[in-house]
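S.K.:
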Amino acid sequence: MILRKKTPKSPHLYPKGFACLFLCLHVSASCPQLCQCTDHTGVMVVYCSSRNLREIPKDIPKDTVFLKLDANKISQIPSNAFKNLTHLQELDLSKNTIETIDIAAFKGVAGGLRLLDLSNNHIRSLPKEALVKLKAKIRLSHNPWHCECTLQEVLWELKLDPESVNEITCQTAVQEEYIGKSLIRVLDSGTNFCNIHHKTTDVAMFITMFGWFAMVITYVGYYVRQNQEDAKRHLEYLKSLPSTQDEKPIHSVPGR
């Protein structure tokens, strides 16, 4: 029978085990409910896809680099929704029901964000201040866009994803002829929605001014006619009065 000498356990084994356990518990405790948080070699990835979420979770780990919130029922992005996520590089909000985006929705993530996916939502318009500071590549395809001057000005300031940029189409527009067409192709053709807006405003102002002018002319005409009729009635009244000469009595001359 061969006796084997027991190898003493390393004194550093237990501290490492406890450190790993503590780290795992820490990550698990800070992960939003219904989501999955995974740390890949120091890169935090948070998966919240297809979880029927109606709002953006508030307990997302601060060291999150990739955040997947696609295929949920999120309808609004409120102010400061991602303000503590200073390491965030990619944010996927596609396939939701987003309609409104607050001005300060992406405050705090502007510098490091590389990709923002807002495709396949219910967005009709965007506040310029919400996205103008972002340096990220942005996907905006498959939304019911209303094509007009404000949207045109917003798009000029953004770095759009070249692979999906032609899929940004006009569901409604200031002119019916652009409905259903690619917004970028419409703009590339030389159309300027801001000029259309100004022209529409000028026409409206002209119509308003013409209406006021017509009202003034009508009033002046009515006033003149009324004065003419009053003067005519007054003249007829004066003519109807008996003459003073006809009413003077005739005195006979007495005989001498």
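As numbered in mature numbering (1 follows the signal peptide of the UniProt record, and there is no 0), residues -37 to -1, 1 to 219 make up the sequence shown, in order.
Glycine included, each C-beta is placed from N, C-alpha and C at the ideal position.
Source: prediction; values computed, not measured.
1. Could you give the uninterrupted runs of the beta strand (DSSP E) lying entirely in the stretch 22 to 50, keeping only those of 3 residues or more?
2. Tell me where the beta strand (DSSP E) around Asp80 begins and ends.
3. Give the secondary structure of His(-26) by DSSP, where H, G and I count as helix, E and B as strand, and everything else as coil.
4. Measure the CB-CB distance between Ile64 and Leu89 and report whether it falls below 8 Å.
5. Pick out the complete beta strand (DSSP E) segments inside the stretch 96 to 157, 3 residues or longer, and give them in chain order.
6. Give the range of the alpha helix (DSSP H) segment to which Glu18 is assigned.
7. With C-beta atoms as the reference, is Ile37 less than 8 Å away from Pro(-6)?
8. What whole-angstrom Cβ distance do Phe69 and Leu114 have, given they're in contact under 8 Å?
9. What whole-angstrom Cβ distance do Ile131 and Glu92 have, given they're in contact under 8 Å?
10. Rounded to whole angstroms, what is the Cα-Cα separation between Leu16 and Trp119?
11. Note down the Cα distance separating Leu(-4) from Ser82, rounded to an integer number of angstroms.
12. Gln52 by DSSP, collapsed to three states: which one?
13. Can the beta-carbon of Ala99 be found less than 8 Å from the beta-carbon of Leu76?
14. Classify Val72 as helix, strand or coil using the three-state DSSP reduction.
15. What number of angstroms, rounded off, separates the C-alpha of Asn47 from the C-alpha of Val28?
M.R.: Let me lay it out:
1. Along the length of the stretch 22 to 50, whole beta strand (DSSP E) runs at least 3 residues long occupy 27 to 31, reported in chain order.
2. Taken as a continuous stretch (DSSP letters only), the beta strand (DSSP E) holding Asp80 covers 78 to 80.
3. The pLDDT assigned to His(-26) is 43, lower than 50, so where the model puts this residue is not dependable; a value taken from the coordinates is nonetheless given after this. Coil, per DSSP.
4. Remark: C-beta atoms of Ile64 and Leu89 approach each other more closely than 8 Å.
5. Listed in chain order, the complete beta strand (DSSP E) runs (minimum 3 residues) inside the stretch 96 to 157 are 100 to 102, 108 to 110, 133 to 136.
6. Where Glu18 is concerned, there is no enclosing alpha helix (DSSP H), given that its DSSP letter is neither H nor E.
7. It is not a contact, given that the beta carbons lie outside the stated cut-off.
8. About 18 Å; that fails the 8 Å criterion.
9. With a beta-carbon spacing of about 20 Å, Ile131 and Glu92 fall beyond the 8 Å limit used to define contacts.
10. For Leu16 and Trp119, the distance between alpha carbons rounds to 32 Å.
11. Straight across, the Cα-Cα distance linking Leu(-4) with Ser82 is about 23 Å.
12. In the three-state reduction of the DSSP assignment, Gln52 falls in the coil class, being assigned neither a helical nor a strand state.
13. With a cutoff of 8 Å on beta-carbon distance, Ala99 and Leu76 are scored as near each other.
14. Val72 falls in the coil class under three-state DSSP.
15. Using only the alpha carbons, I get a separation of about 12 Å.
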